[in-house]
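Notes follow once the structure below has been shown.
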Ligand SMILES: [Mn+2]
């Protein structure tokens, strides 16, 4: 343990924390103090950062629903959360790089706030709540920063490599009197976010624990005839009631039957509204978020508690690739190689099942793996479900089917947190394309494949932390066919298929 970490652990046990009571996790404000320390250390060793630099971040803004005065439930902007852990909207934050001194700027609220929103707290309240050095009002940013006589303000401007969107750079009245550098901060802070501290890992263990339990509650409760959204609702209820998770990390994907092959099912155009039928596979991809730290877990299981032989075969093919990747993961391993490993196992297993025929090496040459797994094997996870830092300068996206969907092509490093989410899907659009392409069609046994039209898909998604010589599995749900079948049978109080009993 380094002195820095020992000091932060001591601060963690003594200082203020975020806590929602009951069995929820206490998260020390020291987590964010350590993040700021790490950021300043990185910036001080950057030759483009002069002495007397100040980092300036703008927090998320409270917005309303379209033209109305109905407030949208606020969730903090992720870089601001990583740096300050502040839950309130409309703040700014500054960090003096040389000293690490932190200044939180809060909005000066109108008197009416006290009537409609609650007591107006003084700056000292927030100074203690967030363990920052100073708290001032946002209408003082210009004068407070000028009094520090900074050489440069470092603001955040950079592209999110998953969305292509650009971060919102801090701006305030009077900024033109300062020298501003908006280029140097983004790659440095993104790189800090890629490697999780022990305190951050503790939060991600917690979000995974609660979300794993919630998935098990869903598996216990599922019945033929239910709507998919009833399970979405149960997941959210469990996460919030037991885990204090007001948000999920992303929109819940609750696909049953053919919907399980729609990769991002659950959006407003396909809002988890199908009735779950006997014989359906359920592919439920859901993750709770606590204090802005996320989780991302997918369970695939038969709605009636019993796999058919075909469902079992596909499920076990995916489980085999999932387990192979978990065993191979360690520092230094290339993430695209893990994707290739999963693809190869899928192709081998699909050949055993009879859907494919021929030489697997030749299949790899025509990228046949991407026909069944068009998405990437997994992605970095943290405050954002698709966490930042997947493609820093020097790491190029591989422009090949499947691999181009990877949200990172990095070598693994201890402290990274990632999802491992191989899947096999039967997507008519892609299957028809492949059958029309002689280079791919020659490997496909269309007679066997036609049996799997409308099958849907299987995804098995776990969250892992990369350790010194392997990985730590954060997700804990029934995974083998036997575990799932016996877990569901026990939960439903029967020893075999309970489909007919529940109609
Ligand atoms: Mn995922």
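In my numbering, the protein residues as written are 249 to 751.
For each residue, glycine too, the CB sits at the ideal point set by N, CA and C.
Given the structure is predicted, the values throughout are model-derived calculations rather than measurements.
For residue i and residue j, I'd like the C-alpha separation in whole angstroms.
i, j, result
"residue 357", "residue 263", "27 Å"
"residue 351", "residue 540", "21 Å"
"residue 503", "residue 535", "15 Å"
"residue 482", "residue 622", "29 Å"
"residue 497", "residue 519", "17 Å"
"residue 749", "residue 472", "Model confidence at residue 749 stands at a pLDDT of 46, short of 50, so the residue's coordinates are unreliable; what they give is reported in the following sentence. The straight-line gap from Cα to Cα measures roughly 9 Å."
"residue 303", "residue 267", "28 Å"
"residue 306", "residue 719", "35 Å"
"residue 294", "residue 580", "24 Å"
"residue 706", "residue 514", "16 Å"
"residue 393", "residue 346", "14 Å"
"residue 751", "residue 522", "In this predicted model, residue 751 has a pLDDT of only 38, less than 50, meaning its place in the structure is not dependable; the value taken from the coordinates is given anyway. So the two alpha carbons sit approximately 16 Å from each other."
"residue 612", "residue 693", "17 Å"
"residue 739", "residue 730", "14 Å"
"residue 370", "residue 381", "15 Å"
"residue 492", "residue 662", "29 Å"
"residue 468", "residue 455", "20 Å"
"residue 743", "residue 557", "Here the model assigns residue 743 a pLDDT of 49, short of 50, so the residue's position is not dependable and the matter cannot be decided."
"residue 322", "residue 309", "8 Å"
"residue 378", "residue 354", "12 Å"
"residue 249", "residue 549", "Note that residue 249 scores 48 on pLDDT, short of 50, meaning its location in the model is unreliable; the coordinates nonetheless yield the value given after this. Rounded to the nearest angstrom, the two C-alpha atoms are 42 Å apart."
"residue 747", "residue 368", "Low local confidence applies: a pLDDT of 47 at residue 747 is under 50, so the model's placement there is unreliable, and no value is given."
"residue 416", "residue 584", "31 Å"
"residue 586", "residue 651", "10 Å"
"residue 704", "residue 531", "9 Å"
"residue 605", "residue 677", "21 Å"
"residue 507", "residue 675", "10 Å"
"residue 578", "residue 713", "10 Å"
Determine the extent of the alpha helix (DSSP H) in which residue i is found, giving its start and end residues.
i, result
"residue 774", "In the structure as shown, the chain starts at 249 and stops at 751, and residue 774 therefore has no counterpart that could be examined."
"residue 361", "359-364"
"residue 288", "278-292"
"residue 769", "Limits of the chain in this structure are 249 at one end and 751 at the other, which puts residue 769 out of reach."
"residue 326", "326-332"
"residue 487", "476-491"
"residue 573", "557-576"
"residue 501", "Segment 501-504 is the beta strand (DSSP E) holding residue 501; no alpha helix (DSSP H) there."
"residue 694", "694-698"
"residue 731", "729-739"
"residue 612", "608-613"
"residue 677", "676-683"
"residue 619", "617-620"
"residue 373", "371-378"
Under the assumption that residue i contacts residue j (Cβ atoms under 8 Å), give the Cβ distance between them as a whole number of angstroms.
i, j, result
"residue 722", "residue 279", "Wrong, their Cβ atoms sit about 17 Å apart, outside the cutoff."
"residue 628", "residue 442", "6 Å"
"residue 625", "residue 590", "5 Å"
"residue 574", "residue 668", "6 Å"
"residue 470", "residue 524", "7 Å"
"residue 529", "residue 559", "6 Å"
"residue 273", "residue 538", "7 Å"
"residue 287", "residue 440", "5 Å"
"residue 311", "residue 320", "5 Å"
"residue 672", "residue 562", "5 Å"
"residue 285", "residue 348", "6 Å"
Over what stretch of residues does the beta strand (DSSP E) that includes residue i continue unbroken?
i, result
"residue 442", "From DSSP, residue 442 is part of no beta strand (DSSP E) but of the alpha helix (DSSP H) over 433-442."
"residue 534", "529-534"
"residue 644", "Premise fails: residue 644 is in no beta strand (DSSP E) and is neither H nor E."
"residue 752", "Within the shown structure, residues of the chain are numbered from 249 to 751, placing residue 752 beyond reach of any answer."
"residue 385", "382-385"
"residue 720", "719-721"
"residue 707", "705-707"
"residue 354", "350-354"
"residue 391", "Taken as a continuous stretch (DSSP letters only), residue 391 belongs to no beta strand (DSSP E), being part of the alpha helix (DSSP H) at 389-395."
"residue 711", "710-714"
"residue 345", "First-last for residue 345: undefined, no H or E at that position."
"residue 400", "400-402"
Tell me residue i's beta-bridge partners as DSSP assigns them.
i, result
"residue 306", "340"
"residue 548", "531"
"residue 538", "541"
"residue 316", "Looking at the DSSP assignment, residue 316 forms no beta bridge with any residue, so it has no partner."
"residue 266", "275"
"residue 582", "659"
"residue 628", "666"
"residue 408", "DSSP lists no partner for residue 408."
| With contact counted as at least three CB pairs below 8 Å, one residue from each stretch, are the stretch 676-693 and the stretch 553-568 in contact? | no
| said: Assess contact between the stretch 431-442 and the stretch 399-411, defined as three or more Cβ pairs (one per stretch) separated by less than 8 Å. Is contact present? | reply: yes
| query | Would you call the stretch 664-681 and the stretch 693-710 in contact, with 3 or more CB pairs under 8 Å? | reply | Contact between the stretch 664-681 and the stretch 693-710 is present, because at least three Cβ pairs lie under 8 Å.
| query | Do the stretch 374-393 and the stretch 415-423 touch if we need at least three Cβ pairs shorter than 8 Å? | reply | yes
| message | With three or more beta-carbon pairs closer than 8 Å as the criterion, would you say the stretch 306-315 touches the stretch 358-371? | response | no
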